[in-house]
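J.: Let me begin by handing over the structure; questions about it come next.
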Amino acid sequence: MALSKPTTARPEEYSLDVPLQSAHIGTHSSGVNRRTLFICLLAIGVGVIASFIAQALLALIGLITHLAFQGRIGWTLTDPAHNSLGAWVIAVPVVGALIVGFMARYGSPAIRGHGIPEAMEQILLNRSRIPLRVLILKPLSAAISIGTGGPFGAEGPIIATGGALGSVLGQWIPLTPDERKVLLAAGAAAGMTAVFGTPLASVALAIELLLFEYRPASFLPVLLACGAAAVTRAIFDGFTPFFSIPPLALPHAGAIFACLPLGAVVGLVAVLITRAVYAVEDAFEHLPLHWMWWPALGAVAVGLIGWWQPRTLGVGYGNITDALSGTVLVGSALWLLGAAKLVSWTIALGSGTSGGTLAPLMTVGACLGAALGHAVAALFPQIGLSPELAALVGMAAVFAGASRALFMSVLFALETTWQMPALLPLLIGCGAAYLVSILLMPQTIMTEKIARRGVRVPTDYTADLFSQALVRDHASHAPITLRATQTVAQVRAWLEVDADGSRHQGYAVLDEVDHIVGVVTRKDVFRSGTNPAQPLSSLITRRPLCVHPQNTLAEALRLMTVEDIGRLPVVSGANGSRVIGMLTRSDLLKAWRERHLDQTVMGR
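Just so we're aligned: 465 in full-length UniProt numbering is position 465 of the sequence shown, and the numbers increase by one with no gaps anywhere.
Here it is, written out as structure tokens:
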């Protein structure tokens, strides 16, 4: 039987001047295309809407706070510490928690918690789908919880609400799950921007905690959503730093290096805080009560601590400003507020009520940093570490250690204070806290809850091997080809004698001028009911799907996945019809194995 001679293609024979568009697959680089433009436009709309929702939620929190603690109508955020309720203040958080527990049980359990872990779970397990009722109930429950004295920040519920807005819009409009994820992240980041005016930090938050990737098609819509939210926010609040503090002096070398052990200590505290939160949550899990009643039980502790330390009630953004400024909170007041806020927030969050983590954590971190800064200034004045700089580093480092959103923490501290002299100390302090957290804690305050449910959260962003590797470097260069005029019987006979090359599962079929007409497999040839006398060309039922040598393995893998095929002929020539190789799934696995071995330490 006359089989075509194996084609031996040397690497230099690959024609790199063949236009990539002539291949049967599209190019793949950044993934930015017209569809990305459409998603960007949607994200801008989400950013604007999320900003208005944030303003409405802040006003609602202000209204509930005024009614609950002052008994009057008011729409601005007010400090619950300024009340004359006496011991009756204990009852206010309990009433609010009872309402939230009722809403969670009969509305949606998804409103419990601070929102970001739940958003992560929807992205990883539910194709970024968040129910419409969460969009309505989450901000309402958070407003009640925080407005009645819950020791949470308003930013967590607003982030969750913005994410729900993006997800719901992505369900109303026909979008892919990946596009819906981008809108969810855009809404969440826009919500954070709408509160603090921190577009860069919000983009970093989305990349580090929600997108699980870094590519233009993902972060550009998020960036535009945050920009739109920042501009919209400026209409209400102007362009001013969220935490207005006196200017920091440019730190000397000693102060900068002192931020390394400072960040490490704060990182250790962040680890302990995370473990404490989930220890309290575990304790509530063992109570012989339905979880609907847990928030009210936790609110009793919130009320008692609030009676003793009124500053622990509510969002407490003013506490952060006072700790950073170094004038109002000093000495034992720092330790008392930090410890009381930590205990109150830990119990409340562990009970499953609705609220955020960022502001409480940063309150604790700012108080801790300021207290340590005062101690260093008293013991080692020659170092030159000011309590104000230490407070700012502590504020950012505690969140970097607890959440491992490193760059978000640094950018947040800079954008909310406009203190550029703190850039290097923040990088060093947050980096130290991040390192301590990684070494001592397998999960974070954001991922521990969903990790316990068996969800694996991506943590490493690495370049895609298949996007870097080319087909020409991994395909076989001597493919066995068959002729379209050969009969099925001839090919069966050749395969049955186990001739050279017959171990392969698929073969390119060529016509009389050596142009590819299709691919046949062993299964096609030996299929029962096939007439042995018919030509091989009769077994071909689809056009040939091919790749060029200069295509990437990522492009080839995408084509294999979409078309559900296990091999692709590699073609060259002016019209892309000359077979010079064959790429199989085994070749892809071999490429991955080679890269894995390159990254593996010997003996580990």
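Quick reminder that beta carbons are idealized off the backbone N, C-alpha and C, glycines included.
1) Our contact map puts Gly71 next to Thr148 with C-beta atoms below 8 Å; I'd like the distance itself, whole angstroms only.
2) Count the other CB atoms within 10 Å of the CB of Ala591; is the residue buried (16 or more) or exposed (fewer)?
3) Quick check: the Cα distance between Val89 and Phe102, rounded to an integer number of angstroms?
4) Looking at the secondary structure, which residues open and close the alpha helix (DSSP H) in which Ser351 lies?
5) With a threshold of 8 Å, are at least 3 pairs of Cβ atoms found where one atom belongs to the stretch 536 to 543 and the other to the stretch 566 to 574?
6) Just the Cα atoms here: how many angstroms apart are Thr271 and Pro442?
7) Is it buried or exposed for Glu118, if we count other Cβ within 10 angstroms and need 16 for buried?
8) Assuming Gly338 and Val364 are in contact, meaning their beta carbons sit under 8 Å apart, how far apart are those beta carbons, in whole angstroms?
9) Give the single residue among Ile159, Ala142 and Leu289 whose Cα lies nearest to the Cα of Pro151.
10) Quick one: what's got a C-beta closer than 8 Å to Leu589's C-beta in the same chain, skipping five residues either side?
11) Below 8 Å on the Cβ atoms is my contact criterion, and I expect Leu63 with Pro139 to pass it. Report the Cβ-Cβ distance as a whole number of Å.
12) Does the distance from the CB of Gly401 to the CB of Leu372 come in under 8 Å?
13) Beta carbon of Ala397, beta carbon of Cys430: below 8 Å?
14) Helix, strand or coil: which one does DSSP assign to Tyr278?
15) How about Ile256 and Ser325: are their beta carbons less than 8 Å apart?
16) Using a Cβ-Cβ cut-off of 6 Å (strictly less than) and excluding sequence neighbours within five positions of Phe236, which residues of its own chain qualify?
17) For Ser202 versus Ala189, is the C-beta spacing smaller than 8 Å?
18) Quick one, are the C-beta atoms of Leu135 and Ala154 less than 8 Å apart?
19) Ignore the nearest five residues each way along the sequence and tell me which others in Leu440's own chain have a CB closer than 6 Å to its CB.
20) Quick one: using the 10 Å Cβ neighbour count with 16 as the cut-off for buried, is Gln21 buried or exposed?
21) Is the separation between the beta-carbon of Val376 and that of Ala264 shorter than 8 Å?
22) Report the residue from Arg275, Thr327 and Leu406 whose alpha carbon sits nearest the alpha carbon of Leu347.
23) Candidates Ile111, Phe69, Arg127 and Glu388: which alpha carbon is nearest Thr176's?
24) Does Thr447 pass the burial test, meaning 16 or more other C-beta atoms within 10 Å, or should it be called exposed?
25) With a threshold of 16 other CB atoms inside 10 Å of the CB of Pro93, please say whether the residue is buried or exposed.
26) Let me know the secondary structure DSSP gives Gly581 once reduced to three states.
27) Would you mind sorting Gly31 into buried or exposed? The rule is 16 or more other CB atoms within 10 Å of its CB.
28) Report all residues from its chain with a CB closer than 8 Å to the CB of Ala533; omit the five preceding and five following residues, and keep chain order.
29) Relative to the C-alpha of Leu427, which candidate in Leu411, Trp418 and Ile207 has its C-alpha closest?
30) Comparing C-alpha positions only, which one of Val269, Gln550 and Gly316 sits nearest to Gly581?
31) What separation, rounded to the nearest whole angstrom, lies between the Cα atoms of Ser467 and Ile116?
32) State the DSSP-derived secondary structure class of Leu85, mapped to helix, strand or coil.
33) Following the continuous alpha helix (DSSP H) through Val376, name the residue where it begins and the one where it ends.
34) Tell me whether Ser386 sits in a helix, a strand or coil according to DSSP, three-state version.
35) For the stretch 92 to 176, list the alpha helix (DSSP H) runs that are entirely contained and at least 4 residues long, ordered along the chain.
36) Tell me which residue opens and which closes the alpha helix (DSSP H) that Ile49 is part of.
T.: For this structure:
1) Wrong, their Cβ atoms sit about 13 Å apart, outside the cutoff.
2) buried
3) 21 Å
4) No alpha helix (DSSP H) holds Ser351; DSSP gives it neither H nor E.
5) no
6) A quick correction: the sequence has Val, not Thr, at residue 271. Each residue's Cα considered, the two are about 10 Å apart.
7) Classification for Glu118: buried.
8) 5 Å
9) Ala142
10) none
11) 13 Å between Cβ atoms; not a contact.
12) no
13) yes
14) helix
15) no
16) The answer, listed in chain order, is Gln55.
17) yes
18) Going by C-beta atoms, Leu135 is not nearer than 8 Å to Ala154.
19) Val271
20) Low local confidence applies: a pLDDT of 35 at Gln21 is under 50, so the model's placement there is unreliable, with the coordinate-based value given in what follows. Sixteen is the threshold: since fewer than 16 other Cβ atoms of the shown chains lie within 10 Å of the Cβ of Gln21, the residue is exposed.
21) no
22) The amino acid occupying residue 347 in the given sequence is Ile; Leu does not appear at that position. Checked all of Arg275, Thr327 and Leu406; the closest Cα to Ile347 is Arg275.
23) Answer by Cα proximity: Arg127.
24) buried
25) By the neighbour-count rule (16 or more Cβ atoms within 10 Å), Pro93 is buried.
26) Gly581 carries a strand assignment under DSSP once its states are collapsed to helix, strand and coil.
27) exposed
28) Thr487, Val488 and Ala489
29) Ranking the options by Cα distance to Leu427, first place goes to Leu411.
30) Gln550
31) Ser467 and Ile116 have their alpha carbons spaced roughly 30 Å apart.
32) coil
33) Leu358 to Leu379
34) DSSP places Ser386 in coil when its eight states are reduced to three.
35) Within the stretch 92 to 176, the complete alpha helix (DSSP H) runs of at least 4 residues are 116 to 125, 132 to 147 and 155 to 172.
36) Arg34 to Thr65
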